[in-house]
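Undergrad: Residue numbers (this note's numbering): 76 to 357. Where a beta carbon is used, it is the ideal one built from N, C-alpha and C, also for glycine. Quick caveat, the model's predicted, so the values are computed rather than measured. I have a structure here, written as structure tokens, and I will follow up with some questions on it.
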């Protein structure tokens, strides 16, 4: 065995939640991403890009950063733990994430420069991380930023909420492989590693590409007298909710109320958070 090629994988939790929903509900695969299988796909990619032995390419560590709700999805927590992904939970402020980007960048920088890591994989699309990538590549760290680049038939178009990667972030990265290209080798019969997908138990997409069914979450911020509040869904995403969308007889929902709702995960133009509709206390 030669010298180990150390790979670090860092998840922007909110962006990854949209990516997971995209593959489960809008993509032709209609399946959730397996973290174990995804890490193996990254090992395979580095192996093929560098010519190093597959056994020498190791996901040395993985981290997941996100605002934390009080009642998270325990099944996802278990999946992170089983894969060896370290959670970094930040408190929500009025249902909103604050300081997550800073924590994410600091965690990446510290881990990449302390061990050090030869390859850093950023699961995000946020242009705010462009300076981080520039500094890492300036120190000789190779940075992978996978992107969604699914090819759609001429008769259809990708859903509006498809996860995007900012152009400056793409330009700064060492490699920007498409997720589909990362996953494709696993379709071969002789692929020796774990597959990158698990069959989703959730509903698949409608022909228009919008998820069917109701989402679930918890009211995470609604002050008395305010006309709006926030819901945090079971994957940790924040949603804006207006009292106009509450059931008859409700003008406010106390923090901690479990609810179900509908809505697209893509915020409307000029808005930071997606809007929840048809809210029902559970």
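Going by DSSP, which residues form a beta bridge with residue 91?
TA: DSSP output for residue 91 lists no bridge partner at all.
Undergrad: Among the residues of its own chain, which have a CB less than 8 angstroms from the CB of residue 253, if the five just before and after it don't count?
TA: 221, 222, 223, 224 and 225
Undergrad: Can the beta-carbon of residue 338 be found closer than 8 angstroms to that of residue 350?
TA: Cβ distance < 8 angstroms, so residue 338 and residue 350 count as in contact.
Undergrad: What are the uninterrupted segments assigned as beta strand (DSSP E) that are 3 or more residues long and contained completely in the stretch 289-322, given in chain order?
TA: 290-296, 303-308 and 313-317
Undergrad: Comparing C-alpha positions only, which one of 208, 321, 124 and 319 sits nearest to residue 198?
TA: Among 208, 321, 124 and 319, the Cα nearest to that of residue 198 is on 208.
Undergrad: Determine the DSSP secondary structure at residue 343, reduced to helix, strand or coil.
TA: coil
Undergrad: In or out: residue 354 buried (at least 16 other Cβ within 10 Å) or exposed?
TA: buried
Undergrad: Any idea what DSSP makes of residue 205, helix, strand or coil?
TA: helix
Undergrad: Name the residue from 273, 347, 121 and 158 whose alpha carbon lies nearest to the alpha carbon of residue 104.
TA: Checked all of 273, 347, 121 and 158; the closest Cα to residue 104 is 273.
Undergrad: Hey, residue 139 and residue 257: beta-carbon distance below 8 angstroms or not?
TA: no
Undergrad: For residue 102, count neighbouring Cβ atoms within 10 angstroms of its own Cβ and tell me buried if that reaches 16, exposed if not.
TA: buried
Undergrad: Could you work out which residue in 335, 128, 115 and 127 is closest to residue 73 when comparing CA atoms only?
TA: In the structure as shown, the chain begins at 76 and stops at 357. Residue 73 is therefore absent and cannot be evaluated.
Undergrad: Grouping DSSP H, G and I as helix and E and B as strand, with all else coil, what is residue 265?
TA: The three-state reading of DSSP puts residue 265 in coil, since its state is none of H, G, I, E or B.
Undergrad: What are the uninterrupted segments assigned as alpha helix (DSSP H) that are 4 or more residues long and contained completely in the stretch 83-142, given in chain order?
TA: Taking only runs of at least 4 residues, the alpha helix (DSSP H) segments lying wholly in the stretch 83-142 are 88-100 and 110-125.
Undergrad: State yes or no: is the C-beta of residue 191 nearer than 7 angstroms to some heavy atom of the ligand COA?
TA: Ligands displayed in this structure: none; no statement on the ligand COA is therefore possible.
Undergrad: Answer with buried or exposed for residue 86, where buried requires no fewer than 16 other C-beta atoms within 10 angstroms of its C-beta.
TA: buried
Undergrad: Given that a residue counts as buried once 16 or more other Cβ atoms are within 10 Å of its Cβ, and exposed if not, what is residue 96?
TA: Residue environment analysis places residue 96 among the buried positions, since at least 16 neighbouring C-beta atoms fall within 10 angstroms of its C-beta.
Undergrad: Mind checking whether residue 130 and residue 80 have CB atoms under 8 angstroms apart?
TA: no
Undergrad: Could you tell me whether the Cβ atoms of residue 165 and residue 202 are closer together than 8 angstroms?
TA: Not in contact: residue 165 and residue 202 (Cβ atoms no closer than 8 angstroms).
Undergrad: Does DSSP classify residue 218 as helix, strand or coil?
TA: strand
Undergrad: Within a Cβ cutoff of 7 angstroms, which residues of the same chain sit near residue 249, ignoring the five residues on either side of it in sequence?
TA: Counting only Cβ-Cβ distances below 7 angstroms, and skipping sequence neighbours, we find 212, 217, 218 and 219.
Undergrad: Please classify residue 210: does DSSP put it in a helix, a strand, or coil?
TA: In this structure, residue 210 counts as helix in the three-state DSSP scheme.
Undergrad: So, for residue 329: in the same chain, excluding its five sequence neighbours on each side, which residues have a beta-carbon less than 8 angstroms away from its beta-carbon?
TA: 294 and 297
Undergrad: Roughly how many whole angstroms lie between the Cα atoms of residue 67 and residue 318?
TA: This structure cannot settle anything about residue 67, because the visible part of the chain is limited to 76 through 357.
Undergrad: Under a Cβ-count criterion, where at least 16 other Cβ atoms within 10 Å of its own Cβ denotes burial, should residue 287 be classed as buried or exposed?
TA: Bear in mind that a pLDDT of 39 at residue 287, under 50, signals an unreliable position, so the number given afterwards is only what the model happens to contain. Result: exposed.
Undergrad: Helix, strand or coil for residue 325 per DSSP?
TA: In the structure shown, residue 325 sits in coil (DSSP, three-state: anything other than H, G, I, E or B).
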